[in-house]
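Protein chains in written order, with the numbering used here: chain X, 1 to 224; chain F, 1 to 298; chain H, 1 to 305.
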Amino acid sequence: MHVFADPTNFDAYLSGFLWILKLTGASAVFALVIGVLLAAMRVSPVPVLRGFGAAWVNIFRNTPLTLVVFFCYFGLFSTLGLSLAEDLNLNNYWLGVIGLSVYTAAFVCEAVRSGVNTVPTGQAEAARALGLTFAQTLRIVVLPQATRSVVAPFGSILIALCKNATIVGTIGLMESSNVMKDLLNANGDAVIPIFLVFAGTFAALLIPTGYFFGWLANRLAVKR
Amino acid sequence: MSTSSVLYDHPGPRARIRNNVLSVVFGVGVVALLWWVYSKFDAAGQWEAVLWKPFTEPATWTQFILPGLWATLKAAAVGMVLSLVFGIVFAVGRLSDHWWIKVPAGAVVEFFRAVPLLLMIFFVFYGVPFLIQGPVSAFWAVVVGLTLYNGSVLAEAFRAGIRSVPGGQSEAAYAIGMRKSQVMQLILIPQAARAMLPIIVSQLVVLLKDTALGYIVAYPELLQRGVNDLAANKGNIVAAAMVAAAIYIVINSLLTALAGWLDRRSRTRGLRVPRQTRPAAAADSTPEGGATVSEPQG
Amino acid sequence: MWSNAVPRWAPFKKEKSMRIKRVAAVAAVAALSFAMTACGGDSGTGSGGSGASGIVGKAEGQKKLVIGVKADQPGLGLQTGSQYEGFDVEIAKIIAKGLGVEEGNIEWKTTVSANREPFIQQGTVDLVVATYTINDERKQKINFAGPYFIAGQDLLVKADSTITGPEQLEGKKVCSVSGSTPAKRMQTEYPKAQLQQFDAYSKCLPLLENGQVDAVTTDDIILAGYAAQDQYAGKFKVVGKTFSEEPYGIGLKKEDKTGCEKINEILKAAASDGSYKAAWDKTLGKSGKAAPELDTTKLTNCGSV
Numbered sequence: 001m002h003v004f005a006d007p008t009n010f011d012a013y014l015s016g017f018l019w020i021l022k023l024t025g026a027s028a029v030f031a032l033v034i035g036v037l038l039a040a041m042r043v044s045p046v047p048v049l050r051g052f053g054a055a056w057v058n059i060f061r062n063t064p065l066t067l068v069v070f071f072c073y074f075g076l077f078s079t080l081g082l083s084l085a086e087d088l089n090l091n092n093y094w095l096g097v098i099g100l101s102v103y104t105a106a107f108v109c110e111a112v113r114s115g116v117n118t119v120p121t122g123q124a125e126a127a128r129a130l131g132l133t134f135a136q137t138l139r140i141v142v143l144p145q146a147t148r149s150v151v152a153p154f155g156s157i158l159i160a161l162c163k164n165a166t167i168v169g170t171i172g173l174m175e176s177s178n179v180m181k182d183l184l185n186a187n188g189d190a191v192i193p194i195f196l197v198f199a200g201t202f203a204a205l206l207i208p209t210g211y212f213f214g215w216l217a218n219r220l221a222v223k224r
Numbered sequence: 001m002s003t004s005s006v007l008y009d010h011p012g013p014r015a016r017i018r019n020n021v022l023s024v025v026f027g028v029g030v031v032a033l034l035w036w037v038y039s040k041f042d043a044a045g046q047w048e049a050v051l052w053k054p055f056t057e058p059a060t061w062t063q064f065i066l067p068g069l070w071a072t073l074k075a076a077a078v079g080m081v082l083s084l085v086f087g088i089v090f091a092v093g094r095l096s097d098h099w100w101i102k103v104p105a106g107a108v109v110e111f112f113r114a115v116p117l118l119l120m121i122f123f124v125f126y127g128v129p130f131l132i133q134g135p136v137s138a139f140w141a142v143v144v145g146l147t148l149y150n151g152s153v154l155a156e157a158f159r160a161g162i163r164s165v166p167g168g169q170s171e172a173a174y175a176i177g178m179r180k181s182q183v184m185q186l187i188l189i190p191q192a193a194r195a196m197l198p199i200i201v202s203q204l205v206v207l208l209k210d211t212a213l214g215y216i217v218a219y220p221e222l223l224q225r226g227v228n229d230l231a232a233n234k235g236n237i238v239a240a241a242m243v244a245a246a247i248y249i250v251i252n253s254l255l256t257a258l259a260g261w262l263d264r265r266s267r268t269r270g271l272r273v274p275r276q277t278r279p280a281a282a283a284d285s286t287p288e289g290g291a292t293v294s295e296p297q298g
Numbered sequence: 001m002w003s004n005a006v007p008r009w010a011p012f013k014k015e016k017s018m019r020i021k022r023v024a025a026v027a028a029v030a031a032l033s034f035a036m037t038a039c040g041g042d043s044g045t046g047s048g049g050s051g052a053s054g055i056v057g058k059a060e061g062q063k064k065l066v067i068g069v070k071a072d073q074p075g076l077g078l079q080t081g082s083q084y085e086g087f088d089v090e091i092a093k094i095i096a097k098g099l100g101v102e103e104g105n106i107e108w109k110t111t112v113s114a115n116r117e118p119f120i121q122q123g124t125v126d127l128v129v130a131t132y133t134i135n136d137e138r139k140q141k142i143n144f145a146g147p148y149f150i151a152g153q154d155l156l157v158k159a160d161s162t163i164t165g166p167e168q169l170e171g172k173k174v175c176s177v178s179g180s181t182p183a184k185r186m187q188t189e190y191p192k193a194q195l196q197q198f199d200a201y202s203k204c205l206p207l208l209e210n211g212q213v214d215a216v217t218t219d220d221i222i223l224a225g226y227a228a229q230d231q232y233a234g235k236f237k238v239v240g241k242t243f244s245e246e247p248y249g250i251g252l253k254k255e256d257k258t259g260c261e262k263i264n265e266i267l268k269a270a271a272s273d274g275s276y277k278a279a280w281d282k283t284l285g286k287s288g289k290a291a292p293e294l295d296t297t298k299l300t301n302c303g304s305v
């Protein structure tokens, strides 16, 4: 453990995981909002909206995240000149958040859509019979009931999002995978301990998260 | 899709006008945005012929993109086969009655599901050589990383699949005197495997996308050859990335379509337990629930 | 950077019992194999038919060599399809020829900055000719022949930029490759510059072109290679004020002293018979820069003290 006894290394380790948590937190919020909107589009009566949602899902679900993040950097920032912060690290962070959000939103959308499908058709039919509009049906009747069945997939998506945050390292943010690579390079005699610390931190964060969502899903599951 | 139409009434004249207006407004908005992006790219000189001309030359394809694509497919294919083996072995391991098999198998699966692939590949490539006192090629670093991660995801999917086979099946098998291993091999795995086929294929999409991470250890896959190396030669990194993205999208869309076809096919033939496609039902059968939903790893 | 082959015993004294066992086991294996290869350096590692060991023995016995070069550095080591071209590649060919290996029997392997030492230590490659700066840290792990070229860290800026040296980078944005010596020097000596790091220099250039970074920094010779590419012609300039000295060497196994001396002889011969100049003219010389003199008095002593 002499590698982590060095305060510089320990700080790098901490700040690496801090970036991961910040990336995960911000992206989770944006992805949830965009994903639910996309899902609403995909089940809406307007064909153009349905097409837009479908195109979004097909494009982002089928492109490697590395390339999505890459486009955020070289497309949005470098070519379109979208600068989100004066500080270089902060700018890379926000570009990473955009990439993670639009990518993860595609998966959130699909989870919500299949969640909507689990709500018995009678519910929507009853809502329509009461004269509710599409937006009302979705917002008041269907989505609240769908929430229960999307908890489990949301858990998986959140866990994957946290792991995917390491990919933002490819545009130069010093997140945990980059820190680990540097430490491995500098300490060839402590390869295993370094890996175990980094992998172990992820496991310690994510395995309990997985069990928590599993427990929540079981608790909320509708016994039909 | 059929259920979604239950959410709204068949549009009357007013609703139709409203929908059309919405369509036009939104459509114009999207087109305007795309046009803005196009013109900004144009202003930045991204459409200049010199950047795109390499893609009309055969050498670009035969020397950069196609070899890269081949390396991508090769890593994905080997990774898939190994992941399947890993997945079956550990799924059965986790369902074992012996705690000394069940607990380690569970720990391995949980651990590798939680570790980012990027960390795994870094470790195998930079760390493992010091343990085995020999080089690890970039290919194996990528394949081992993919296998451990995707194999663990598949192990969870298989486990859920095996448990979703109706209890009567194994009870009947035990009743006619089969042993535990026979029940697993002859009754449970064949039924589970067919039900799990769509998930296996959609995991293949995830795996294929993940090979892109191979470029961080200089494995010459599509991203490395078709974007990084090509751009080092021609200086057209954005154009090259667009072409690579298009290739990924086409291949993965085909695989997704295959998964969808298999899904419909197995459902119409009644090979699946009806409610199993639904996340809510999946949540009943496995504590993590979401394991049956393929995970959006990059 | 990779110091495993020479086990550090000191840290283990501080370790706690469980950890000691695992780490010590790994270190023991490393130490054992290091001892074995170290002995092998004298008695012949068994590869090749002749009595000579190391690369000389391999070249004689198998008539083959595996050489690590860069794949993404125009003018030095650039992979164009299935082939590699550049000054490093030409130097590697001269050395192979001097060792009696034909050009067709060289197996080229792409190396990146971070995996050069491990590749040599683990025997993935026989030689590395990849903009490989000779320094003391690396000498702990491998042996260097050469230098065959003296580069220096410099800045690449837009043609109309007013930056004339690294002192003016305060608050400016600089792009380099993560884990590289130039990137580390920026962090330690010019910490007030903001450093954008990528895995390849080719990603820095579009940023410089669009003005998102103010400079790209690495060795002058690498920068010159990029600046000379067709699509960037006239857009950039190399500042021309180097602020470090980077002698490029040829990396090989630490215990292969014979091989190292042989390579230095080959380099000496190449300097006098004109093949060194020909290699330059064929690659970097295209930019109009005259071939440098190869100062054969500066060649390394191959690890002998």
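Glycine is no exception: its CB is placed at the ideal position from the N, C-alpha and C atoms.
Note that the structure is a prediction, hence the values are computed from the model and not measured.
To which residues of the same chain is residue i closer than 8 Å at the C-beta, ignoring the five residues directly before and after it?
i	result
residue 21(H)	Note on residue 21(H): pLDDT 48, under 50, position unreliable in the model; no value is reported.
residue 28(X)	104, 158 and 161
residue 12(X)	174, 179, 182 and 183
residue 381(F)	Outside the shown range of chain F (1 to 298) lies residue 381(F), about which nothing can therefore be said.
Select from the options the residue whose C-alpha is nearest the C-alpha of residue i.
i	options	result
residue 249(F)	60(F), 45(F), 205(F) and 79(F)	205(F)
residue 77(F)	26(F), 133(F), 139(F) and 62(F)	139(F)
residue 73(H)	55(H), 62(H) and 202(H)	202(H)
residue 71(H)	236(H), 296(H), 63(H) and 82(H)	82(H)
residue 8(F)	206(X), 186(X), 192(X) and 127(X)	127(X)
Starting from residue i, follow its DSSP beta bridges and name the residues at the other end.
i	result
residue 175(H)	196(H) and 216(H)
residue 236(H)	158(H)
residue 67(F)	Residue 67(F) pairs with nothing; no bridge assigned.
residue 72(H)	78(H)
residue 252(H)	143(H)
residue 149(H)	248(H)
residue 67(H)	108(H) and 127(H)
residue 133(H)	248(H)
For residue i, return the contacting residues in chain F, with the cut-off set at a CB-CB distance below 7 Å.
i	result
residue 75(X)	238
residue 112(H)	218
Mind pulling the chain X residues with CB within less than 8 Å of residue i?
i	result
residue 119(F)	166, 176, 177, 180, 195, 198, 199 and 202
Cβ closer than 9 Å: which chain H residues qualify as neighbours of residue i?
i	result
residue 170(X)	198 and 199
residue 95(X)	Within 9 Å Cβ-Cβ: nothing; residue 95(X) doesn't reach chain H, min ~11 Å.
residue 111(F)	Near residue 111(F) there are no residues of chain H at all, since even the closest Cβ is about 17 Å away, more than 9 Å.
Check residue i in the structure and name its three-state DSSP category.
i	result
residue 217(X)	helix
residue 186(F)	helix
residue 48(F)	coil
residue 84(H)	strand
residue 215(F)	helix
residue 38(F)	helix
residue 211(X)	helix
residue 300(H)	coil
residue 63(X)	coil
residue 8(F)	coil
residue 164(H)	coil
residue 273(F)	Because the pLDDT of residue 273(F) is 47, which lies under 50, any placement of that residue in the model is unreliable, and the number read from its coordinates should be weighed accordingly. Of the three classes helix, strand and coil, the one that applies to residue 273(F) here is coil, per DSSP.
residue 190(H)	coil
What does residue i touch in chain H if you count any residue whose Cβ is under 8 Å from its own?
i	result
residue 78(X)	206, 207, 210 and 212
residue 129(F)	118 and 122
Apart from the five residues on each side of it in sequence, which residues of its chain come closer than 7 Å, Cβ to Cβ, to residue i?
i	result
residue 113(H)	177, 179 and 180
residue 95(X)	72, 73, 76, 77, 84 and 171
Excluding five sequence neighbours on each side, which residues of the same chain lie with their C-beta closer than 6 Å to the C-beta of residue i?
i	result
residue 300(H)	144
residue 107(X)	157
residue 92(H)	67 and 129
Report the neighbours of residue i on chain F: residues whose CB is nearer than 9 Å to its CB, in chain order.
i	result
residue 72(H)	228, 229, 231, 232 and 233
So residue i contacts chain X; which residues on that side make the cut at Cβ distance below 7 Å?
i	result
residue 258(F)	In chain order: nothing, as chain X lies at least about 13 Å away.
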